[in-house]
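Per UniProt numbering, the very first residue in the sequence shown carries number 1; after that it's consecutive. Every residue, glycine too, gets a C-beta built ideally from N, C-alpha and C. Predicted, not measured: the structure shown is a model, and the values here were computed from it.
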Amino acid sequence: MVELIASAQKRSHRNCITSLGYDAGRVASGGKDSCVLLYECTAEGLRNHSKFPLESVTGVRTNIISVDLAGDRLICGTSCGQLHIIDSRGSGSSRILAHTSQINCVKWLDPARHMVCTSSSDSKVKVWDVRHTSIPVHELIGHTSVVNCCDSFPNAPPQDELSINFGDYYERVLSVASDRTARLWNLNSGTHLAFKVPATISQNVECCSMLLKKPHYIFAVGMDSEYVLVFSVKLKKHIGSLSLGSKDIWITCLRACGDYLLVGTNVGKLHFVRYSFSSDYSKCTLEVECSFDYRGSVNDIRFDVSGNELRIYLAIGVEMRLGRWKTAVPDSGEKPQNLINQSLFRL
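Encoded structure:
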């Protein structure tokens, strides 16, 4: 059973906090106040480190929808379709018009090789080399509606510094969208597999998380409803599902953590969902082991594991990350706030 040891939180953005990035003891947060905030993680809690305001474009206020952090480099996607690359040491930043509509998710694919993935409301997923941003390295076309989230496994390092890999260098990229599909892209071959969500469950796939690479790719998706689904690439269908029990619930974020799937919702719940597979990986069992309440929509989750201790960082917002029609109404009945939370659990 998961045990909560300590929890500390602080006010963050003046407007809704949307996203978090984590790397090597530092957390970055993005919000709808046009700022990226950087924090140092300490035993006493999060300590303010830096603030990076983003310049508005043609006088239009820019909402930061997604951030990610790798070393001293921050990336963030905005509501005006721009990808910002920020050096947290203060030695400069750059921006590109990456999409023609809002960027809903950004992710470092391979920081060592400067590769970034973006997904957007223009129905496209793109892969960029942040050193050469005139054109994307890959433009993944197939979705027919807003692409809400993307994920991937980290690339395996080469065997030695002289090795050359002409095979499957990039790990596959997973994307989910409001066209009721999840798609797994093979960047080398230029092909992808599409997985349909049953129409009876939902229309919008909000978030995703890769679970397994071997014996074959398995991933989880969260809906704009109470459902979490697990898909098998080999079987080309979903092999497990979980309902959190209420039509008022919206799955806002997912993160795989060991044997758990960390699930955030718009009603301020963080669920620890234990998942397990049958011997032939044809079925997945999902069970909520425990849940914890927070004062707002759980818009993003990051974590760090040390032994049997799990430190989780949460973006708690007054509204949902993508600004959809559902509202953030915590089950606790408390008024939602914009908070960044650090919770320590014992596994």
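About 30 Å separates the Cβ atoms of LEU344 and ALA112, ruling out a contact at the 8 Å cut-off.
Sequence-distant partners of GLY30 (beyond 5 residues in either direction) whose C-beta falls short of 6 Å from its own C-beta, in its chain, are THR18, SER19, VAL36, ILE64, VAL67, CYS76. TYR275 places its beta carbon less than 8 Å from that of ASP259. Here SER282 is near ILE239, since their CB atoms are less than 8 Å apart. Look at ALA8 here: in three-state DSSP terms it is strand. Within the UniProt repeat "WD" (96-131), there are no complete alpha helix (DSSP H) runs of at least 4 residues.
Apart from the 5 residues on each side of it in sequence, SER246 sits with its Cβ closer than 6 Å to the Cβ of GLU226 in its chain, given in chain order. Taking 8 Å as the upper bound for CB-CB distance, LEU310 and LEU347 are in contact here, some 6 Å apart. Just so you know, the alpha carbons of ARG11 and GLN337 end up roughly 8 Å apart. With 16 or more other Cβ atoms inside 10 Å of its own Cβ, ASP110 counts as buried. Residue range 339-346 is occupied by the beta strand (DSSP E) that includes ASN341.
Around the beta-carbon of LYS214, fewer than 16 other beta-carbon atoms lie within 10 Å, marking it exposed.
Using a 10 angstroms sphere on the CB of LEU270, the tally of other CB atoms reaches 16 or more, which defines it as buried.
Around the Cβ of LYS237, a 10 Å sphere holds fewer than 16 other Cβ atoms; the residue is exposed. A buried status is given to LEU184, since no fewer than 16 other beta-carbon atoms sit within 10 Å of its beta-carbon. DSSP lists no bridge partner for ASP72. For PRO198, the number of other beta carbons within 10 angstroms of its own is below 16, and it is reported as exposed. Under the three-state reduction of DSSP output, LYS269 falls in the strand class. Secondary structure at THR144: coil, using DSSP grouped into helix, strand and coil.
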